[in-house]
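Q:
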Amino acid sequence: MRYLILTTLLIMSTPAWADLQKAMDSMCDKMKTCSVAEIKKQELPPEMAPMIEAMFDGMCKTWMGPYAEALGKAGLEDKAEACVESVVSESCEDLMSREGDFTSPECEEFKKAADEAGVEVD
Numbered sequence: 003m004r005y006l007i008l009t010t011l012l013i014m015s016t017p018a019w020a021d022l023q024k025a026m027d028s029m030c031d032k033m034k035t036c037s038v039a040e041i042k043k044q045e046l047p048p049e050m051a052p053m054i055e056a057m058f059d060g061m062c063k064t065w066m067g068p069y070a071e072a073l074g075k076a077g078l079e080d081k082a083e084a085c086v087e088s089v090v091s092e093s094c095e096d097l098m099s100r101e102g103d104f105t106s107p108e109c110e111e112f113k114k115a116a117d118e119a120g121v122e123v124d
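If you read the sequence shown in my numbering, its first letter stands for residue 3, the second for the next number, and so on.
#1: Check this for me: beta carbons of Lys81 and Glu55, under 8 Å apart or not?
#2: Cutting at 6 Å between CB atoms, please list the residues of its own chain near Ser37, excluding the five before and the five after it.
#3: With distance defined between alpha-carbon atoms, name the residue in Val121, Ser28, Gln23 nearest to Lys75.
#4: Quick one: is Met61 buried, meaning 16 or more other Cβ sit within 10 Å of its Cβ, or exposed?
#5: Where are the alpha helix (DSSP H) runs, 4 residues long or more, that stay fully inside the region 24 to 69, in chain order?
#6: Who are the Cβ neighbours of Ala39 in its own chain at under 7 Å, not counting the five residues just before and after it?
In structure tokens:
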């Protein structure tokens with residue numbers, strides 16, 4: 003157990019992990035922004051915006067935790083970061099129209115490398 007905690011802390015303190023975490027934070031911000039914009043388009047009650055933001059905040063805080071050790075051991079931080087950055091570069095309209103089916107060359111490369119390394123990312 004101590005090994006797992008120490009390894010996770012070491013991985014999370016590396017520059018590559020810090021870059022990935024920064025990219026993940028950007029993606030979470032993008033998803034919140036897109037979701038709130040979608041709520042406004044659909045004329046849903048404005049009270050839903052804070053609920054959506056809170057949901058994304060909670061999800062984003064726990065999203066990468068389970069993958070930290072596996073990504074670090076497999077050396078996948080850079081590929082994961084490229085995938086995340088490709089998501090962030092898309093417009094809200096494009097992201098929302100795909101309903102979770104977003105893919106990019108960077109994400110395909112990351113998924114392939116993760117599969118080869120035995121890291122489940124879906």
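Think of the CB as a built atom: it goes at the ideal place given N, C-alpha and C, for glycine as much as any other residue.
A: Judging by the given coordinates:
#1: no
#2: Ile54
#3: Val121
#4: exposed
#5: 50 to 65
#6: Cys94
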